[in-house]
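Here the structure is laid out as structure tokens; the discussion comes afterwards.
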Amino acid sequence: NAGVTQTPKFQVLKTGQSMTLQCAQDMNHEYMSWYRQDPGMGLRLIHYSVGAGITDQGEVPNGYNVSRSTTEDFPLRLLSAAPSQTSVYFCASSPRDTVGNQPQHFGDGTRLSIL
Amino acid sequence: ILNVEQSPQSLHVQEGDSTNFTCSFPSSNFYALHWYRWETAKSPEALFVMTLNGDEKKKGRISATLNTKEGYSYLYIKGSQPEDSATYLCAFGGTSYGKLTFGQGTILTVHP
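For the record, the sequence lines run as chains A and B.
For the first sequence, my numbering begins at 1135 and goes up steadily by one.
For the second sequence, my numbering begins at 2 and goes up steadily by one.
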């Protein structure tokens, strides 16, 4: 059972380049989220989705775009990479629950460095 | 921006010690409080999800309590072992659709 799969695991970019971080889950989860993890700041929500075709902004959305054309995939796009976007990025998914009591399942993370 | 605070930021204990740490969160619009364990070079793994005031959950030597009226949760580890060394994250769910706000984590180091 693959769970949540993130690619690539590592990436180095130059300032101004664009790229897409891939996230796929095979658990038929409705909810998917992207977080970034920076030292001393825990996980901060970038964007999230409650189902195919529906996305919304989290706490730190600037500089990132998302789309959700299928239940399985939730790619995160960096439009014009900046050094401030150097971070570890985690994708997570969880099933629909009307009372919010389902745990999130995390991918292994993508470590991104912007030079 | 919701304020979810964890204390202490880091903790060093000896093997066999019992320990606890705190997560404080908004007491309004509460849906769920999550605890995750995050080992170095791995991804966070869920420990508990609690939704009701007064909830107590237990998994082996780890337990958690929840007070939604005053906005705090405690995580307890009884008889700490070196393999318990990890970052423990709490996350507040203020909506029903899986949107979480995480605390900054408590880094636990258990020395043999």
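The C-beta atom is built at its ideal place from N, Cα and C for all residues, glycine as well.
For residue i, the nearest candidate out of the options (CA to CA)
i                       : options                        : result
residue 1167 of chain A : A:1141, A:1217, A:1207         : A:1207
residue 56 of chain B   : B:42, B:72, B:62               : B:72
residue 93 of chain B   : B:12, B:51, B:15, B:13         : B:51
residue 1156 of chain A : A:1222, A:1211, A:1235         : A:1211
residue 1146 of chain A : A:1240, A:1179, A:1217         : A:1217
residue 1205 of chain A : A:1189, A:1213, A:1220         : A:1189
residue 1214 of chain A : A:1176, A:1170, A:1177, A:1249 : A:1249
Buried or exposed by the 16-neighbour rule on C-beta atoms within 10 Å, applied to residue i
i                       : result
residue 1163 of chain A : buried
residue 104 of chain B  : buried
residue 60 of chain B   : exposed
residue 13 of chain B   : exposed
residue 87 of chain B   : buried
residue 65 of chain B   : buried
residue 1144 of chain A : exposed
residue 112 of chain B  : exposed
residue 15 of chain B   : exposed
residue 106 of chain B  : buried
Length of the line joining the Cα atoms of residue i and residue j
i                       : j                       : result
residue 1247 of chain A : residue 39 of chain B   : 22 Å
residue 58 of chain B   : residue 1191 of chain A : 32 Å
residue 1250 of chain A : residue 1187 of chain A : Nothing in the structure corresponds to residue 1250 of chain A, since chain A is present only between 1135 and 1249.
residue 1184 of chain A : residue 1203 of chain A : 12 Å
residue 77 of chain B   : residue 1148 of chain A : 44 Å
residue 1198 of chain A : residue 1224 of chain A : 14 Å
residue 1 of chain B    : residue 1193 of chain A : The structure shown does not extend to residue 1 of chain B, since chain B spans only 2 to 113, so no value can be given for it.
residue 1244 of chain A : residue 1142 of chain A : 6 Å
residue 1230 of chain A : residue 1238 of chain A : 11 Å
residue 81 of chain B   : residue 18 of chain B   : 5 Å
residue 34 of chain B   : residue 101 of chain B  : 9 Å
residue 96 of chain B   : residue 1220 of chain A : 29 Å
residue 8 of chain B    : residue 21 of chain B   : 9 Å
residue 67 of chain B   : residue 32 of chain B   : 12 Å
residue 41 of chain B   : residue 1175 of chain A : 16 Å
Beta-carbon gap between residue i and residue j smaller than 9 Å
i                       : j                       : result
residue 1159 of chain A : residue 1227 of chain A : yes
residue 44 of chain B   : residue 1172 of chain A : no
residue 28 of chain B   : residue 70 of chain B   : yes
residue 63 of chain B   : residue 48 of chain B   : yes
residue 23 of chain B   : residue 98 of chain B   : no
residue 1236 of chain A : residue 1165 of chain A : yes
residue 1209 of chain A : residue 1200 of chain A : yes
residue 90 of chain B   : residue 1177 of chain A : yes
Residue i - partner residues in DSSP beta bridges
i                       : result
residue 1138 of chain A : A:1159
residue 7 of chain B    : B:24
residue 33 of chain B   : B:94
residue 38 of chain B   : B:46, B:89
residue 108 of chain B  : B:11, B:88
Contact test: residue i Cβ vs the ligand FMN heavy atom, cutoff 8 Å
i                       : result
residue 1139 of chain A : This structure does not include the ligand FMN; it has no bound ligands of any sort.
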